[in-house]
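Colleague:
Numbering (the UniProt record's numbering), first residue to last: 1 to 584.
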């Protein structure tokens, strides 16, 4: 059985972990061929282990950090909004189009923008030059096992620019390069960030229309993980393992092409410590702090979903949290994070009044209960000390919940003042309606936008400068300012398919598109710094500082704040600041 087979097999469980395999040791020698591992960076490995030799998957059985994370898309697309004319207003509001012409001509030239998403419609004219050749350097399709994978990655198929250009000369390009984007999300993101100037920008224009593009089409998560997280059928969900390897692949294009790289991610999850301690967040921080790199991550669309609750309880006191569950809900997960030094016990009451007695927390404990009335089943996994934060973590998994109001009573067991946070899944990861009756919209940015040295982006409506109501909000729970910036993310013109050789323009909203606008702006700044020779050693941390200093700010607001961070993206303002214009 090859490593590719193990990576793809449902019989193998996936882990992201830090460990050291003795040099020269073969995996078969360690485990009899029961696992394979792919190096990511330093001690970080993507590992695949035979499930027959492992205990059943649970948070308490494996510790929270070793359970593979699932991420969803951060866009809201309205199908009725197709066939529109291109509108450059959001790019104008971001100060981007002002820099594309004289005197700076910042178009992303000699910069690579990378996307890990649903794929790309590489046939679209918005990803081609005037001579018809492709602006895409390479595509790694993780879902296609018919071709040759990238060197060192074992699975999927890689298609180079030469192969893509050869395919474009055919009557049916998909016969040679069978990469598609069934969802369209990846195509829309790439078009906003790096779409070509079609008909001199009248029919379409991206933020960085001359940047080179690299794309990873992420494969759908394994079924055992979809079942574990109770993900509805057909909803895109991506594993942290595949995302980490995608970022490694995108980052690799900096060296052979001697170009700066901006990586743009339009994915997120509402679970986690809301700091930056997951393996994916830590790796993104590593990449983002490197020379000639930038990492941009969308902040998610969870601000108005009623999926976050924040509370405080004093010693031996309790607080009741009510969750409304709609009809037809298959089930959901919910996380409780208690701030150090607090720790809590939990009581659960069903809509029919049936109660689970108070369950006391232990170092690592799991409790399962089937309700007598109805078919509802609940499991609570405790971890008293999360290794990264020291916080108590409880994960509640409720299957086939009865419709109505569920009550969760938290009892503070520690002395003093105890604060806690609770999160439900991102909206599309729940089949049916689930919401807190007294939600808190703050700290609703999705991970990994909390990662350090990564530009976390919220969204606003550039036509009236109002905050996008669905956008996630900060701050990070460790006090860091997240998001750093807000970018235009409402009713953006995107490329959504191809009709008779022309791009179909459609309107879409969401923080993934705001991140795409910001990524295009980052490509402009990277071009000025590196290929144009003005600041050749810039790293991602410095790049974020430039963007923050040049951000647009309203006199009526105080900054930084939980919605706009340090302000609105303004690339023209960045260069005004560099030139010394408007400095106090």
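C-beta: ideal position from N, C-alpha, C; glycine also.
Here's the rule: buried if 16 or more other CB atoms are within 10 angstroms of the residue's CB, otherwise exposed. What is residue 466?
Modeller: exposed
Colleague: Do residue 540 and residue 289 have their C-beta atoms closer together than 7 Å?
Modeller: yes
Colleague: For residue 208 and residue 520, which I take to be in contact (beta-carbon distance under 8 Å), what is that distance rounded to the nearest angstrom?
Modeller: 4 Å
Colleague: Anyone know if the C-beta pair for residue 337 and residue 411 falls short of 7 Å?
Modeller: Not a contact, by the Cβ cut-off of 7 Å.
Colleague: Go ahead and label residue 464 buried or exposed: buried means 16 or more other beta carbons lie within 10 angstroms of its beta carbon, across all protein chains shown.
Modeller: exposed
Colleague: Go through its chain and collect everything with a Cβ distance to residue 421's Cβ below 6 Å, but skip five positions before and after it.
Modeller: 310 and 337
Colleague: Between the C-alpha atoms of residue 248 and residue 307, what's the straight-line distance to the nearest angstrom?
Modeller: 32 Å
Colleague: Do you know whose CA, among 333, 191 and 242, lies nearest residue 48's CA?
Modeller: 242
Colleague: Taking the C-alpha atoms as reference points, what is the distance between residue 254 and residue 261?
Modeller: 6 Å
Colleague: Check whether the segment 190-202 touches the segment 377-392, taking contact to mean three or more Cβ pairs, one atom from each stretch, closer than 8 Å.
Modeller: no
Colleague: With a threshold of 8 Å on Cβ separation, who are the neighbours of residue 229 within its own chain once the five nearest residues in sequence on each side are excluded?
Modeller: 70, 237, 333, 425 and 429
Colleague: Expressed to the nearest angstrom, what Euclidean distance is found between the alpha-carbon atoms of residue 180 and residue 314?
Modeller: C-alpha separation (whole angstroms): 55 Å.
Colleague: Apply the 10 Å Cβ neighbour rule to residue 148 and answer buried if 16 or more other Cβ atoms are within range, or exposed otherwise.
Modeller: exposed
Colleague: Ignoring anything shorter than 3 residues, give me the beta strand (DSSP E) runs that lie fully in the segment 81-136, in order along the chain.
Modeller: 112-117
Colleague: Expressed to the nearest angstrom, what Euclidean distance is found between the alpha-carbon atoms of residue 594 and residue 297?
Modeller: Absent from the structure is residue 594, since the part of the chain shown begins at 1 and ends at 584.
Colleague: On the criterion of 16 or more Cβ atoms from any shown chain inside 10 Å, does residue 373 qualify as buried, or is it exposed?
Modeller: Result: exposed.
Colleague: Considering Cα atoms alone, identify which of 160, 164, 187 and 206 is closest to residue 496.
Modeller: 187
Colleague: Can you give me the Cβ contacts of residue 25 inside the same chain, cut-off strictly under 7 Å, excluding the 5 residues immediately before and after it?
Modeller: Residue placement at residue 25 is flagged as unreliable, the pLDDT there being 46, under the threshold of 50; a coordinate-derived value is accordingly withheld.
Colleague: Leaving aside the five residues before and after residue 161 along the sequence, list all residues of the same chain whose C-beta is less than 7 Å from its C-beta, in chain order.
Modeller: Only 134, 136, 137 and 138 meet the Cβ criterion.
Colleague: Between the alpha carbons of residue 603 and residue 570, how many angstroms are there, rounded?
Modeller: Outside the shown range of the chain (1 to 584) lies residue 603, about which nothing can therefore be said.
Colleague: Going straight from the alpha carbon of residue 414 to that of residue 341, what length do you get?
Modeller: 7 Å
Colleague: Could you work out which residue in 128, 155 and 192 is closest to residue 167 when comparing CA atoms only?
Modeller: 128
Colleague: In terms of alpha-carbon separation, which member of 356, 95 and 226 lies closest to residue 573?
Modeller: Minimum Cα distance to residue 573 is reached at 95.
Colleague: Which runs of the alpha helix (DSSP H) at least 4 residues long sit entirely within the segment 272-339? Give them in chain order.
Modeller: 279-288
Colleague: DSSP has residue 345 in a bridge; who is on the other side?
Modeller: 411
Colleague: By alpha-carbon positions, which one of 163, 449, 462 and 504 ends up nearest to residue 283?
Modeller: 449
Colleague: Looking at the structure shown, is residue 26 part of a helix, part of a strand, or coil, going by DSSP?
Modeller: Since pLDDT at residue 26 reaches only 44, below the 50 mark, its modelled position is unreliable, and the value read off the structure follows with that caveat. Of the three classes helix, strand and coil, the one that applies to residue 26 here is coil, per DSSP.
Colleague: Identify, in the order they occur along the chain, each residue of the same chain with its Cβ nearer than 7 Å to the Cβ of residue 87, setting aside the five sequence neighbours on each side.
Modeller: 493
Colleague: Using 7 Å as the threshold, is the C-beta distance between residue 121 and residue 217 below it?
Modeller: no
Colleague: In whole angstroms, give me the CA-to-CA distance for residue 112 and residue 383.
Modeller: 42 Å
Colleague: Are there 16 or more other CB atoms within 10 angstroms of the CB of residue 473, so buried, or fewer, so exposed?
Modeller: buried
Colleague: Is the distance from the Cβ of residue 107 to the Cβ of residue 210 below 7 Å?
Modeller: Taking 7 Å as the Cβ cut-off, residue 107 and residue 210 qualify as a contacting pair.
Colleague: Our contact map puts residue 487 next to residue 451 with C-beta atoms below 8 Å; I'd like the distance itself, whole angstroms only.
Modeller: Contact doesn't hold; Cβ gap of about 17 Å is too wide.
Colleague: Report yes if the C-beta distance between residue 483 and residue 299 is below 7 Å; otherwise report no.
Modeller: The Cβ atoms of residue 483 and residue 299 lie closer than 7 Å to each other.
Colleague: Classify residue 258: buried if its beta carbon has 16 or more other beta carbons within 10 angstroms, exposed otherwise.
Modeller: Counting Cβ neighbours within 10 Å, residue 258 comes out exposed, since fewer than 16 surround it.
Colleague: For residue 28, I'd like the list of residues in its chain whose CB is within less than 8 Å of its CB, leaving aside the five on either flank, ordered along the chain.
Modeller: Residue confidence is low: residue 28 scores 46 on pLDDT, short of 50, so the model does not pin down where it sits. Its coordinate-derived value is still stated next. Nothing listed; no residue qualifies.
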